[in-house]
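Undergrad: Residue numbers (numbering that gives the first Met the number 0): 0 to 503.
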Amino acid sequence: MMADKVRTRFAPSPTGTVHLGSLRTALFAWLWARHAEGDFVLRIEDTDTKRFDPDSVAGIMEGLRWLGLDWDEGPDIGGPFGPYTQSERGALYRDHAQRLLSSDKSYRCFCSPERLQRLRQEQRAAKRQPQYDGACRHLSHDESAARAAVGEPFTIRLRLPAQAQITFHDVIRGDITVAASTLQDPILVKSDGMAVYHLAAVVDDHRMHISHVLRGEEWIATAPYHVLLYEAFGWDTPAWVHLPVILNPDGKGKMSKRHQGERHLPVNVQDFMTAGVLPDAMFNFLSLLGWTPDASKELFTRQELIDRFELAMISPAAAKMPYAKLEWMNGEYVRRLSSQAFRSVSTPFLARAFGKSETAVDQMAGLDYVLPEIQTRVKTLREVAPWLSWAFKSAADMEYTPIDMLIGRQLDARQSAETLEVCQAMLEEAVPFEPKVLQALFRVAAQEQDMKLGSLLGPVRGAISGAKVSPPLFEMMAALGRRECQARIHRAHTALVAEDVARS
RNA sequence: GCCCCCAUCGUCUAGAGGACUAGGACUCAAGCCUUUCAAGCUUGCUACAGGGGUUCGAAUCCCCUUGGGGGCACCA
0 MMADKVRTRF
10 APSPTGTVHL
20 GSLRTALFAW
30 LWARHAEGDF
40 VLRIEDTDTK
50 RFDPDSVAGI
60 MEGLRWLGLD
70 WDEGPDIGGP
80 FGPYTQSERG
90 ALYRDHAQRL
100 LSSDKSYRCF
110 CSPERLQRLR
120 QEQRAAKRQP
130 QYDGACRHLS
140 HDESAARAAV
150 GEPFTIRLRL
160 PAQAQITFHD
170 VIRGDITVAA
180 STLQDPILVK
190 SDGMAVYHLA
200 AVVDDHRMHI
210 SHVLRGEEWI
220 ATAPYHVLLY
230 EAFGWDTPAW
240 VHLPVILNPD
250 GKGKMSKRHQ
260 GERHLPVNVQ
270 DFMTAGVLPD
280 AMFNFLSLLG
290 WTPDASKELF
300 TRQELIDRFE
310 LAMISPAAAK
320 MPYAKLEWMN
330 GEYVRRLSSQ
340 AFRSVSTPFL
350 ARAFGKSETA
360 VDQMAGLDYV
370 LPEIQTRVKT
380 LREVAPWLSW
390 AFKSAADMEY
400 TPIDMLIGRQ
410 LDARQSAETL
420 EVCQAMLEEA
430 VPFEPKVLQA
440 LFRVAAQEQD
450 MKLGSLLGPV
460 RGAISGAKVS
470 PPLFEMMAAL
480 GRRECQARIH
490 RAHTALVAED
500 VARS
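1. Starting from VAL212 and walking both ways along the beta strand (DSSP E), at which residues does that stretch end?
2. Between which two residues does the alpha helix (DSSP H) holding ARG23 run?
3. Have a look at ASP52 and GLY15 and give me their C-alpha separation to the nearest angstrom.
4. Which residues in the same chain have their Cβ closer than 6 Å to the Cβ of ASP71, if we skip the five residues on either side of it in sequence?
5. Let's test the definition: count the other Cβ atoms within 10 Å of the Cβ of LYS378 and tell me whether it reaches 16, buried, or not, exposed.
6. In this structure, does DSSP put LYS451 in helix, strand or coil?
7. For ASP499, does the three-state DSSP call read helix, strand or coil?
8. So, LEU380 versus VAL344, is the Cβ gap smaller than 8 Å?
9. From ASP184 to HIS225, what distance separates their C-alpha atoms?
10. Would a C-beta distance cut-off of 8 Å place PRO243 and SER314 closer than the cut-off?
11. Helix, strand or coil: how does DSSP classify ALA148 here?
12. Give the DSSP bridge partners of ARG482, in chain order.
13. How about SER295 and TRP389: do their beta carbons lie closer than 8 Å?
14. Just how far apart, CA to CA, sit ALA148 and ASP141?
15. Kindly identify the DSSP beta-bridge partner or partners of ASP174.
16. Suppose the cutoff is 8 Å on Cβ atoms and the five residues either side in sequence are ignored; what does the same chain contact list for GLN485 look like?
17. In terms of residues, what are the limits of the beta strand (DSSP E) holding LEU187?
18. Give me the DSSP bridge partner(s) of PHE284.
19. DSSP puts SER105 in a beta bridge; with which residues?
20. With 16 as the cutoff for other CB atoms within 10 Å, does ALA222 come out buried or exposed?
21. Can you check DSSP and say which residues form a bridge with HIS241?
22. Using a Cβ-Cβ cutoff of less than 6 Å, which residues in the same chain neighbour ASP238 once the five nearest sequence positions on both sides are dropped?
23. For the 8 Å Cβ check, are there 3 or more pairs between the region 299-310 and the region 270-284?
24. How many angstroms separate the CA atom of GLU483 from the CA atom of PRO385?
25. Starting from ASP293, trace the alpha helix (DSSP H) both ways and give me its first and last residue.
26. Going by beta carbon distance, what residues of the same chain come within less than 6 Å of THR291, once the five residues before and after it are set aside?
27. Have a look at GLU151 and PHE109 and give me their C-alpha separation to the nearest angstrom.
28. Is there contact here, the region 390-405 with the region 460-474, by at least three beta-carbon pairs under 8 Å?
29. Hey, how far is the Cα of ASP3 from the Cα of ALA32?
30. Quick check: LEU187 and HIS197, are their CB atoms within less than 8 Å of each other?
31. To the nearest angstrom, how far is it from the Cα of LEU118 to the Cα of LEU227?
32. Using the rule of at least 16 other Cβ atoms within 10 Å of the residue's Cβ for burial, across every protein chain shown, is MET312 buried or exposed?
33. Can you name, in chain order, every residue of its own chain whose Cβ lies under 8 Å from the Cβ of GLY192, other than the five neighbours on each side?
34. In three-state DSSP terms, what is ARG413?
35. Tell me whether the beta-carbon of LEU336 lies closer than 8 Å to the beta-carbon of GLN362.
36. Look at GLU513 and GLU372 and say whether their C-beta atoms are less than 8 Å apart.
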């Protein structure tokens with residue numbers, strides 16, 4: 000046995016993408032390994048061939064890398080205790096099952112799935128706990144061996160020892176005691192010869208020297224089987240750490256997509272990636288979901304989180320996923336980005352939103368005027384594009400409907416048109432065509448017209464952006480350039496005049 | 001139905017018997033700032049699920065009730 004080195008693992012089954020709850024489990028396991036300068040292992044649990052999705056392994060790795068969780072051993076990089084994919088470890092499990100069989104700690108069960116299902120139904124109907132009735136428990140060695148030799152299909156079940164109750168220690172919750180009467184001899188090996196999770200996970204965790212098993216609390220109910228298996232093999236158990244589940248925002252059940260309806264709240268790692276959540280923000284946010292390193296603050300660097308992480312400080316209570324807080328935190332991280340960094344992380348989102356190549360977006364020099372302004376206005380990167388739709392159009396594409404967007408506060412259509420005329424005339428004077436110069440000019444104009452700056456700017460904002468709400472005007476204008484601004488104002492003016500005629 | 005886990009503001013949480021007139025953050029509301037919308041700053045609202053114990057003293061320990069969650073597969 001190795002020294003008491005901390006070794007944790009993340010052991011997803013490749014049946015889809017990484018779910019929020021799994022991601023948090025992976026993060027905590029990683030934090031604990033890094034905190035203790037131990038190892039973090041990635042293991043793929045694909046013993047269920049029916050549900051296996053070959054593409055999902057890549058997705059899992061992509062998600063972990065995105066969050067910044069690197070693994071020291073895993074299917075792609077190997078390691079001293081490989082292979083790290085359970086489907087490649089079948090012989091090992093069969094060998095261990097055999098050991099249990101020879102020592103009579105397990106037995107062959109010839110019951111068909113149909114019989115078992117019927118049994119469960121009857122028990123449920125009788126309001127009793129669905130449980131294996133132990134039909135094959137006392138088969139003689141000879142009969143068992145003979146039936147197997149003839150080729151009759153069988154599973155292997157663990158023979159639970161006779162004891163009143165089983166107690167194990169959970170790092171977060173303390174001792175948990177379960178009455179043995181609620182347990183049944185669990186299947187270890189399926190009739191196709193493949194190990195079931197319980198066997199595979201226990202054998203692997205032991206062989207891979209996992210010191211702390213972090214997993215969701217949905218595993219508490221089956222933990223006694225694992226403890227009993229360790230006992231049957233004569234091995235020391237790892238420390239058990241059952242993390243609380245993450246609930247839907249409405250508190251109804253575990254986080255899942257089906258509960259979100261039309262709202263499409265992000266649930267899988269990829270959802271958060273496409274929503275434009277920053278990995279650093281997600282890392283910070285997820286760390287604080289169930290754990291508080293310091294009650295007086297919310298924003299922590301990765302290193303601070305690693306340094307302070309403590310398993311025993313994790314809350315045992317399930318939490319409803321606080322999306323609003325994630326958004327807020329992501330906004331904090333967005334605002335802390337340098338202008339350059341913000342531009343580069345936004346580029347892919349802009350390219351996708353406007354159907355352009357990233358290079359094309361990169362070449363739009365004018366964006367540098369407005370992007371820093373947008374940086375304070377978004378919480379996620381996906382929100383950047385809607386602030387910039389005006390930048391990806393030409394004057395000819397501008398549509399001013401409803402027309403109100405061109406009408407200034409306390410002005411009518413005619414007055415708004417006149418305002419545009421004044422501004423139009425002014426644009427030639429703006430040299431260079433920069434936000435500061437434009438601002439100075441417009442302030443003077445507002446004074447001369449005896450108008451509030453806001454009123455004067457209203458129609459121009461509409462003309463330039465095609466909306467009543469937009470990024471700061473002068474930055475937009477500088478981004479577009481003099482010619483384009485003139486063209487838009489002209490077009491808007493025409494629309495206003497037409498409106499004025501229609502109204503009178 | 002049975003077993004297990006959990007329970008502080010609307011939400012995420014601090015709190016490990018006295019430092020609690022229960023702290024922070026998000027959300028929400030108001031004000032300031034202001035070029036629309038944000039951001040920023042200031043202020044405000046709101047909680048120990050209920051009932052019994054233990055104790056000089058309980059949000060903190062115990063029990064019951066209630067509520068919520070998880071589990072009860074040849075899935076993980």
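Every residue gets a Cβ at the ideal spot worked out from N, C-alpha and C, and that includes glycine.
TA: In terms of the structure at hand:
1. Here residue 212 refers to the residue found at position 213 of the first sequence. The continuous beta strand (DSSP E) containing VAL212 extends over residues 211-215.
2. In the first sequence, the residue the question calls residue 23 occupies position 24. Per DSSP, the continuous alpha helix (DSSP H) segment holding ARG23 begins and ends at 19-34.
3. Locating residue 52 in the first sequence gives position 53, where the first residue counts as 1. Locating residue 15 in the first sequence gives position 16, where the first residue counts as 1. Using only the alpha carbons, I get a separation of about 7 Å.
4. Your numbering for residue 71 matches position 72 in the first sequence. For ASP71, where only same-chain residues beyond five positions count, the Cβ hits under 6 Å are ASP38, PHE39.
5. The residue given as residue 378 occupies position 379 in the first sequence. The residue in question, LYS378, is buried, as its Cβ has 16 or more Cβ neighbours within 10 Å.
6. To locate residue 451, count along the first sequence from 1; it is residue 452. DSSP places LYS451 in coil when its eight states are reduced to three.
7. Start at 1 with the first residue of the first sequence, and residue 499 comes out as number 500. Three-state DSSP puts ASP499 in a helix.
8. If you number the first sequence from 1, residue 380 lands on position 381. If you number the first sequence from 1, residue 344 lands on position 345. Yes, they are a contact pair.
9. Within the first sequence, numbered from 1, the residue matching residue 184 stands at position 185. Within the first sequence, numbered from 1, the residue matching residue 225 stands at position 226. Between ASP184 and HIS225, the C-alpha separation is close to 12 Å.
10. Taking the first residue of the first sequence as 1, we reach residue 243 at position 244. Taking the first residue of the first sequence as 1, we reach residue 314 at position 315. Taking 8 Å as the Cβ cut-off, PRO243 and SER314 qualify as a contacting pair.
11. The residue labelled residue 148 in the question sits at position 149 within the first sequence. Helix, per DSSP.
12. Sequence index remark: in the first sequence, residue 482 carries index 483 (1-based). DSSP lists no partner for ARG482.
13. In the first sequence, counting from the first residue as 1, residue 295 sits at position 296. In the first sequence, counting from the first residue as 1, residue 389 sits at position 390. Their beta carbons are not under 8 Å apart, which means SER295 does not touch TRP389 by this criterion.
14. In the first sequence, counting from the first residue as 1, residue 148 sits at position 149. In the first sequence, counting from the first residue as 1, residue 141 sits at position 142. The straight-line gap separating the alpha-carbon atoms of ALA148 and ASP141 is approximately 10 Å.
15. Indexing the first sequence from 1 puts residue 174 at position 175. Note: ASP174 sits in a beta bridge opposite HIS168.
16. What you label residue 485 is simply residue 486 of the first sequence in a count that begins at 1. Once the five neighbours on either side are set aside, the close Cβ partners of GLN485 are GLN423, LEU426.
17. To locate residue 187, count along the first sequence from 1; it is residue 188. LEU187 -> beta strand (DSSP E) spans 186-188.
18. Counting from 1 along the first sequence, the entry for residue 284 is found at position 285. BP columns for PHE284 are empty, so no partner.
19. Against the first sequence, residue 105 aligns to sequence position 106. Answer is LEU157.
20. For the purposes of this step, residue 222 is taken as residue 223 along the first sequence, with counting starting at 1. Classification for ALA222: buried.
21. Here residue 241 corresponds to residue number 242 of the first sequence, with the count starting at 1. Beta-bridge pairing links HIS241 to ARG214.
22. Here residue 238 refers to the residue found at position 239 of the first sequence. Reading the sequence as shown, one finds Ala at residue 238 and not Asp. VAL170, HIS211.
23. Yes, they touch.
24. As a working note, residue 483 is residue 484 in the first sequence. As a working note, residue 385 is residue 386 in the first sequence. Those two C-alpha atoms are separated by around 20 Å.
25. Position 294 of the first sequence, counted from the first residue, corresponds to residue 293. ASP293 -> no alpha helix (DSSP H), and no H or E assigned at all.
26. As a working note, residue 291 is residue 292 in the first sequence. Cβ within range, chain order: n/a, list empty.
27. Taking the first sequence and counting its residues from 1, one reaches residue 151 at position 152. Taking the first sequence and counting its residues from 1, one reaches residue 109 at position 110. Whole-angstrom Cα-Cα distance: 7 Å.
28. yes
29. Taking the first residue of the first sequence as 1, we reach residue 3 at position 4. Taking the first residue of the first sequence as 1, we reach residue 32 at position 33. Those two C-alpha atoms are separated by around 12 Å.
30. Working through the first sequence from its first residue, we reach residue 187 at position 188. Working through the first sequence from its first residue, we reach residue 197 at position 198. Yes, Cβ-Cβ distance for LEU187 and HIS197 is below 8 Å.
31. The residue given as residue 118 occupies position 119 in the first sequence. The residue given as residue 227 occupies position 228 in the first sequence. Cα to Cα, LEU118 sits roughly 25 Å from LEU227.
32. Counting from 1 along the first sequence, the entry for residue 312 is found at position 313. Burial call: exposed.
33. By 1-based counting over the first sequence, the position of residue 192 is 193. Around GLY192: GLY89, ARG93.
34. Taking the first residue of the first sequence as 1, we reach residue 413 at position 414. ARG413 falls in the helix class under three-state DSSP.
35. Stepping through the first sequence from its first residue, residue 336 is reached at position 337. Stepping through the first sequence from its first residue, residue 362 is reached at position 363. Result no, Cβ atoms of LEU336 and GLN362 do not sit closer than 8 Å.
36. The chain is shown only over 0 to 503; residue 513 falls outside these bounds and no answer can be derived.
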